[in-house]
Every structure is written in C-alpha cells, then in structure tokens.
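Chemist: Numbering (the working numbering), first residue to last: 9 to 184.
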C-alpha cells in the first residue's frame, strides 16, 4: 500500500497535479485567550496607633498612616477611607468625640491620573453625622502611597470622660 501511495505521489508531482491537489486544502485557526482580571489591593503600612490625651483643649492628630494602593485596571480605581463612627469611649459608648480625616499628600505613579475626590471630612455626632470619609481615584493603572491623618476633636474638656476612645478607619478600593 505504501509503495502504491508513493507511486501516485511521484506521478502527481511529475504532472504538476500535486500542487493543484494541495490548493484545495482548507485552513483553520483557533485563538487561545487568557483573561486576567484587574488586580487591586490596598494595604495599611502602619499598625494601630495609640496616644495619651494631655488634658488640654487642643485637638490631637495621630501620626500619618500610610496606605499603599495598587491597581492594574485600565480605567483606574477609587479608594475610599471611612470611619465606622465618631470616636467612642470603649467603656461607655454614649461618650463620643468627633473625628476628622484628612489626606494631606500622595506619592503616585506618574501618568496614572491619581487625584483627590474629597481630601478632608469630619463627623458631627451631635447632628447625627457619624461617618467621615475621604476619597482618591485614578484614571489608569498605577499605584499610590496615600497619607491619612486622623484627628481626635477634643471639644469641651468638662465632658471628656476618662477611658479609651476608639475609631476604626476602613479603606476600600474598587474598579472605576
């Protein structure tokens, strides 16, 4: 059988028929695609912060916390920092103090389009506003080191009950 096939190929090649037989072969292609979803991360680079109140009427600002935001989204990302509530006394949550969030600066990937959407906000627990939030966003992929100030607004010392006052700041990153 193999010998007969070789003879036919030799004859077709000699007569030029082999090329015309090859021209009738169909061609197909198949694409292989891997979808890589946008990568986003937000990390607080410093741990919990503690401070003793000096028993003065001045507001107390904690050392800047630094957050590292990274996004590979072609449309960029939005980073939101929000408090869970105003500062509350741990042993008696009815005693509260307002909190101010402020983002004084960012160090960013050039060309990523990072900007401040809202760089300062504070609670007003007496008026029912328990959440302070600041927000930054980018228009392209890149990273940013975002500095965040948290300030304890002392208010009236006469109503400042002793104990630990606590607030939690939650950072979230989402794709634009």
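For every residue, glycine included, the Cβ atom is placed at its ideal position computed from N, Cα and C.
Note that the structure is predicted; figures quoted are calculated from it, not measured.
1. Once you ignore the five residues that flank residue 57 on each side, which residues in its own chain have a CB closer than 8 Å to its CB?
2. Thinking residue 175 and residue 107 are a contact (beta carbons under 8 Å), I'd like their distance in whole angstroms, please.
3. I'd like to confirm the pairing. Which residues does DSSP put opposite residue 180 in its beta bridges?
4. Rounded C-beta distance between residue 65 and residue 131? I'm assuming under 8 Å.
5. Going by beta carbon distance, what residues of the same chain come within less than 6 Å of residue 115, once the five residues before and after it are set aside?
6. Residue 35 and residue 84: beta carbons closer than 8 Å?
7. Which one of 119, 127, 145, 111 has the shortest CA to CA distance from residue 185?
8. So residue 59 is in the beta strand (DSSP E); what residue range does that whole segment cover?
9. Give me the residue from 133, 142, 67 with the minimum Cα distance to residue 102.
10. Please state whether the Cβ-Cβ distance between residue 165 and residue 63 is less than 8 Å.
11. Going by C-alpha distance, which of 50, 119, 155, 127 is nearest residue 77?
12. Identify the continuous beta strand (DSSP E) that holds residue 150 and give its terminal residues.
13. Which residues in the same chain as residue 67 place their Cβ atom closer than 8 Å to its Cβ, once the five residues preceding and following it in sequence are excluded?
Modeler: The short version:
1. Shown here for residue 57: same chain residues with a beta carbon closer than 8 Å to its own, the five before and five after excluded, namely 70, 71, 73, 158 in chain order.
2. The pair is a contact, with the Cβ atoms about 5 Å apart (cut-off 8 Å).
3. Note: residue 180 sits in a beta bridge opposite 88.
4. Between residue 131 and residue 65 the Cβ distance is about 18 Å, and since that is not below 8 Å, they are no contact.
5. For residue 115, where only same-chain residues beyond five positions count, the Cβ hits under 6 Å are 153.
6. No. Outside cutoff.
7. Outside the modelled stretch of the chain, which goes from 9 to 184, sits residue 185, for which no answer is possible.
8. No beta strand (DSSP E) contains residue 59, which DSSP labels as neither H nor E.
9. Out of 133, 142, 67, 133 has the C-alpha closest to the C-alpha of residue 102.
10. Their beta carbons are under 8 Å apart, which means residue 165 touches residue 63 by this criterion.
11. Relative to residue 77, the option among 50, 119, 155, 127 whose CA is nearest is 50.
12. 150 to 160 is the span of the beta strand (DSSP E), which, as asked, contains residue 150.
13. Cβ-Cβ distances below 8 Å link residue 67 to 108, 159, 160, 161, 162 in the same chain, with the five nearest sequence neighbours on each side left out; the list follows chain order.
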